[in-house]
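When the count follows the numbering used here, it moves up by one through the sequence shown with no breaks and lands on 770 for the last residue. Written out below as structure tokens is the structure these notes cover.
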Amino acid sequence: LVRGAELPESWTGKNWACFQLSRQARGDYYIFTDADNYYAQDAVEKTIGWMQKLDLTLFSAFPQQITRTLGEKLVVPVFDTFVYSLLPLWLTYYVKFPSLAAANGQWIAFTRDGYERLGGHESVKDQIVEDTELARLAKKRGEKVITAAGRDAVYARMYHSWSEVYHGFAKNAFGLMGYRTIPFLLFEMMLFAAYILPWFLLLFAPLRMWGISAVLLGVVIRLIMALKYKQPILVSTLLNPLSIGATLIVGLGSFFSYRRGSVKWKGRQIPFRRG
Numbered sequence: 496l497v498r499g500a501e502l503p504e505s506w507t508g509k510n511w512a513c514f515q516l517s518r519q520a521r522g523d524y525y526i527f528t529d530a531d532n533y534y535a536q537d538a539v540e541k542t543i544g545w546m547q548k549l550d551l552t553l554f555s556a557f558p559q560q561i562t563r564t565l566g567e568k569l570v571v572p573v574f575d576t577f578v579y580s581l582l583p584l585w586l587t588y589y590v591k592f593p594s595l596a597a598a599n600g601q602w603i604a605f606t607r608d609g610y611e612r613l614g615g616h617e618s619v620k621d622q623i624v625e626d627t628e629l630a631r632l633a634k635k636r637g638e639k640v641i642t643a644a645g646r647d648a649v650y651a652r653m654y655h656s657w658s659e660v661y662h663g664f665a666k667n668a669f670g671l672m673g674y675r676t677i678p679f680l681l682f683e684m685m686l687f688a689a690y691i692l693p694w695f696l697l698l699f700a701p702l703r704m705w706g707i708s709a710v711l712l713g714v715v716i717r718l719i720m721a722l723k724y725k726q727p728i729l730v731s732t733l734l735n736p737l738s739i740g741a742t743l744i745v746g747l748g749s750f751f752s753y754r755r756g757s758v759k760w761k762g763r764q765i766p767f768r769r770g
């Protein structure tokens with residue numbers, strides 16, 4: 496264990512902790528991961544193998560999420576679905592635009608030299624969504640980056656209640672859209688139109704077939720994602736509109752927290768700073 500120094504002004508706690516750990520590390524590769532994750536025996540071996548094979552500076556994986564409570568099951572798989580369906584992960588390697596960067600701080604690895612070239616966590620010291628910001632920075636600098644699905648390799652239970660789910664995602668959901676208001680609100684409206692509005696169309700005979708088709712399409716999409724990424728099937732399908740509705744609430748909470756200038760997390764107010 497490393498005893499941390501006092502948190503400096505303008506740093507977030509996580510970034511300061513990661514920075515201090517990097518000063519203690521001596522290896523050629525740095526892997527940052529949450530302390531409560533657990534892993535397959537070959538998770539590190541596979542990570543280093545891919546980094547060497549593709550000459551990567553940064554490798555990140557989205558863990559297989561473990562959910563227990565209803566609040567977790569409603570929202571956590573939706574955010575995974577956003578990542579896997581809206582951003583094909585191979586694009587993070589082949590397309591160099593920083594806007595097509597993604598990363599997950601629950602499992603993010605760097606070469607030592609690459610980490611230092613980027614300035615490490617000091618370069619994103621005041622960012623809440625530091626993982627994605629590091630990936631964007633790496634792409635801007637011409638470094639090779641890839642993000643993968645960590646299914647059957649890295650496992651995580653992010654939250655343990657609806658309150659934790661809400662506040663946990665509220666601190667970074669708006670940041671995943673680059674803190675851009677118009678794209679974020681358009682995305683919220685798109686989700687409502689695609690997954691919730693069709694249920695209201697069922698009430699009107701002339702629009703009922705459109706509603707049925709849209710509802711079935713939404714359920715099929717969630718079913719495919721649940722089967723492929725081992726998400727809770729019944730909640731993802733039978734409670735799909737409730738799941739999307741809860742996610743929309745979290746997203747709006749993140750947006751208004753940003754407008755207020757801070758978000759509450761683990762009993763403290765964390766200031767929002769735009770990347």
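Beta carbons: idealized from backbone N, C-alpha and C, even for Gly. The structure presented is a predicted model; accordingly, all values stated were derived computationally and were not measured.
8 Å Cβ cutoff met for residue i and residue j
i    : j    : result
R631 : A668 : no
T742 : V570 : yes
Y525 : I543 : no
G740 : I691 : yes
L584 : A648 : no
D646 : Y724 : Here the sequence assigns Arg to residue 646, which means Asp is not the residue at that position. Going by C-beta atoms, R646 is nearer than 8 Å to Y724.
S505 : K620 : yes
R703 : L696 : yes
A665 : G748 : yes
T552 : E625 : no
G713 : A689 : yes
P593 : K548 : no
P678 : M672 : yes
Y465 : Y534 : A question about residue 465 goes unanswered here, because the residues of the chain that appear run from 496 up to 770.
Cross-strand partners of residue i (DSSP beta bridge)
i    : result
T587 : According to DSSP, which records beta bridges pairwise, T587 is partnered with nothing at all.
G645 : P558
Q764 : K759
T528 : W602
Y533 : Y650
L502 : According to DSSP, L502 bridges with nothing at all.
L553 : F605, V640
Burial state of residue i (16 or more Cβ within 10 Å)
i    : result
H655 : exposed
R717 : buried
I623 : buried
G663 : buried
I641 : buried
P693 : buried
S715 : For the record, residue 715 in the displayed sequence is Val; it is not Ser. Looking at its Cβ environment, which holds fewer than 16 other Cβ atoms inside 10 Å, V715 is exposed.
Y661 : buried
Q726 : buried
K759 : exposed
**Request:** Would you be able to state if there are at least three C-beta pairs under 8 Å between the segment 546 to 556 and the segment 589 to 605?
**Result:** yes
**Request:** Pair every Cβ in the segment 511 to 520 with every Cβ in the segment 614 to 622, then say whether three or more of these pairs are closer than 8 Å.
**Result:** yes
**Message:** Under 8 Å: do the segment 565 to 580 and the segment 730 to 741 share three or more Cβ pairs, one atom per stretch?
**Reply:** yes
**Asked** Fully enclosed by the segment 574 to 618, which beta strand (DSSP E) runs are 3 residues long or longer?
**Response** 602 to 606
**Message:** Report the start-end ranges of each alpha helix (DSSP H) in the segment 620 to 670 that is 4 residues or longer and not cut off at the edges.
**Reply:** 625 to 635, 657 to 665
**Request:** Only counting runs of 3 or more residues, tell me where the beta strand (DSSP E) segments fall wholly within the segment 685 to 769, in order along the chain.
**Result:** 757 to 760, 763 to 766
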